[in-house]
Amino acid sequence: MLKLIAEDFIDPDQIALVLPLYQELVALTKLETGCIAYDLFHDLRNVGHFVFIEEWEDRAALDRHVQSEHFQRLVPLIDAHTRQQANFTHMQHFTELMPSEILEKS
């Protein structure tokens, strides 16, 4: 399983233009094979800071998402309204770092 946190920073004056694009991206992505969760949040303390919390079955599912028609079409339209570069954090569960003998004891 793969978790991803993706942060977008949208020009506050352009949020109204971006929201329908986000709505379409979220709706279509949730239908993708391998998508476990795909949610978008807005930072209450930083207007225009949007955070995707994503969960994918594996890296292949995420790679398919990035190549999907809706991703390829919508992300450049969204990125046209950014005020700074996006951040991406790929994560795995901490137990995936633990030796198997430790996990077997728990």
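Just so we're aligned, residue 1 is where the sequence shown starts under this note's numbering, counting upward by one.
Heads up, the beta-carbon is just placed ideally off N, CA and C, and yes, glycines get one too.
Bear in mind that the values here come from a model prediction, so they are computed numbers and not experimental data.
Do residue 40 and residue 2 have their CB atoms nearer than 8 Å? Position 40 of the sequence shown, counted from the first residue, corresponds to residue 40. Position 2 of the sequence shown, counted from the first residue, corresponds to residue 2. Inclusion of residue 40 and residue 2 in the CB contact set at 8 Å is not warranted, their separation being larger than that value.
So does the region 86-94 actually touch the region 15-32, counting three or more Cβ pairs closer than 8 Å? Contact between the region 86-94 and the region 15-32 is absent, because fewer than three Cβ pairs lie under 8 Å.
Using a Cβ-Cβ cutoff of less than 7 Å, which residues in the same chain neighbour residue 28 once the five nearest sequence positions on both sides are dropped? Locating residue 28 in the sequence shown gives position 28, where the first residue counts as 1. Answer for residue 28: 70, listed in chain order.
So residue 82 and residue 10 are supposed to be a Cβ contact under 8 Å. How far apart are they, rounded? Here residue 82 corresponds to residue number 82 of the sequence shown, with the count starting at 1. Here residue 10 corresponds to residue number 10 of the sequence shown, with the count starting at 1. About 6 Å separates the two Cβ atoms, so the contact holds.
Does the beta-carbon distance from residue 22 to residue 30 come in below 8 Å? Locating residue 22 in the sequence shown gives position 22, counting from the first residue. Locating residue 30 in the sequence shown gives position 30, counting from the first residue. In this structure, the beta-carbon distance from residue 22 to residue 30 does not fall below 8 Å.
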